[in-house]
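Note that our numbering has the sequence shown beginning at 1174, numbered continuously upward. No residue lacks a Cβ here, since even glycine has one placed at the ideal position from N, Cα and C.
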Amino acid sequence: MDAAPTPFSTVIRTASHEQHTEAETSTFMSDLLGGRLGVDAYTRYTEQLWFVYRALEDAAPALAEDPVAGPFIQRELLRTDALERDLTHLHGGEGWRETLRPLPATQVYADRVAECARTWPAGYVAHHYTRYLGDLSGGQIIRDKAEKTWGFSRKGDGVRFYVFEEISNPAAFKRHYRELLDALAVDDLEKQRVIDECKRAFSLNTGVFRALGEEFPLSA
Ligand code: HEM
């Protein structure tokens, strides 16, 4: 009897492991989570997330009935409102909406998400996975550090992005999410393309970190 094939959720996690480490240990992330940067750097990072999640979530309603991407569209995940509350807190008012511009690297990232959403639902899933499953995992570490470093109230304004109010059991949610990945309604060749797009999604994140690192160098 043939051995059971490795579940796709395992394949995609393993395939992106190296790039995960690269993103996690990027200079900007290390400095940010090491408490070596000011709240201005955290704000700038949160601003970039807003552009990325707008791209992910503006496209979500149109994909809700799609046979491939549709099952992943779950309202409990939506982050745009939380990001907007955080940004209003970080900027001390609503004025940020009119003036905010993405970094060039962020624009490239958001454009790619929007392009996948428009033309390639399975590619959109790669971006969906890379962000939301990460937020449900390592995001909790980032929240804890942010609360301690810049004094946000626990799970309050400033870190709402990391708080999934409607997901009471993140471990169970992630298990279910992995089942969705395992049941992804595409053939093996397309799965390989999804993995490639996931790697691209990680690179796009690393590109944003690089740009942020240049904007907030440590005066060592
Ligand atoms: C300092 C920053 C980060 C830390 C501390 C961190 C930490 C973690 C941890 C602890 C997990 C849990 C692994 C598990 O549940 O088995 C995880 C999973 C994950 N992270 Fe990160 N992470 C960081 C940055 C990122 C970034 C920048 C991305 C991509 C945008 C990302 C994407 C993911 C994904 C997709 C998963 C789920 C892997 C899977 O189980 O399939 N992470 N991260």
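When the beta-carbon positions are compared, glutamate 1197 and glycine 1312 stay at least 8 Å from each other.
Here serine 1189 is not near aspartate 1355, since their CB atoms are 8 Å or more apart. The residue from His1264, Gly1266, Ala1176, Ala1287 with its alpha-carbon nearest to that of arginine 1227 is Ala1287. Rounded to the nearest angstrom, the gap between the Cα atoms of cysteine 1289 and glutamate 1370 is 10 Å. Each residue's CA atom was taken as its position, placing histidine 1349 and arginine 1252 some 19 Å apart. By the CB criterion at 8 Å, alanine 1255 and arginine 1304 fall outside the cutoff.
About 7 Å separates the CB atoms of phenylalanine 1389 and phenylalanine 1201; that is less than 8 Å, so the two are in contact. With 16 or more neighbouring CB atoms inside 10 Å of its own CB, leucine 1276 falls in the buried class. For a cut-off of 8 Å, the C-beta gap from leucine 1377 to tyrosine 1282 is around 4 Å, short enough to register as a contact. Between leucine 1385 and tyrosine 1215, the gap from beta carbon to beta carbon reaches 8 Å or more.
The alpha-carbon of aspartate 1231 is positioned some 28 Å away from that of aspartate 1317. Taken atom to atom, the span from the alpha-carbon of leucine 1273 to that of proline 1178 is near 46 Å. Taken through DSSP and simplified to helix, strand or coil, asparagine 1378 comes out as helix.
Pairing glutamate 1320 with arginine 1327 gives a Cβ-Cβ distance under 8 Å. The distance from the Cβ of leucine 1357 to that of lysine 1364 is about 7 Å, consistent with a contact at the 8 Å cut-off. The shortest CA-to-CA distance from aspartate 1330 to any of Leu1260, Gly1208, His1193 is the one to Leu1260.
Between the C-alpha atoms of leucine 1206 and valine 1241 there is a straight-line separation of about 36 Å. DSSP, reduced to helix, strand and coil, places phenylalanine 1337 outside both helices and strands of the structure shown, so it counts as coil.
For glutamine 1221, the three-state secondary structure derived from DSSP is helix.
For serine 1203, the uninterrupted alpha helix (DSSP H) run begins and ends at 1200 to 1206, by DSSP.
With respect to glutamine 1221, valine 1367 sits apart: the two C-beta atoms are not nearer than 8 Å. Look at glutamate 1197: its beta carbon is less than 7 Å from one of the heavy atoms in the ligand HEM. Contact between lysine 1347 and leucine 1391 fails: their C-beta atoms lie close to 34 Å from each other, not under 8 Å.
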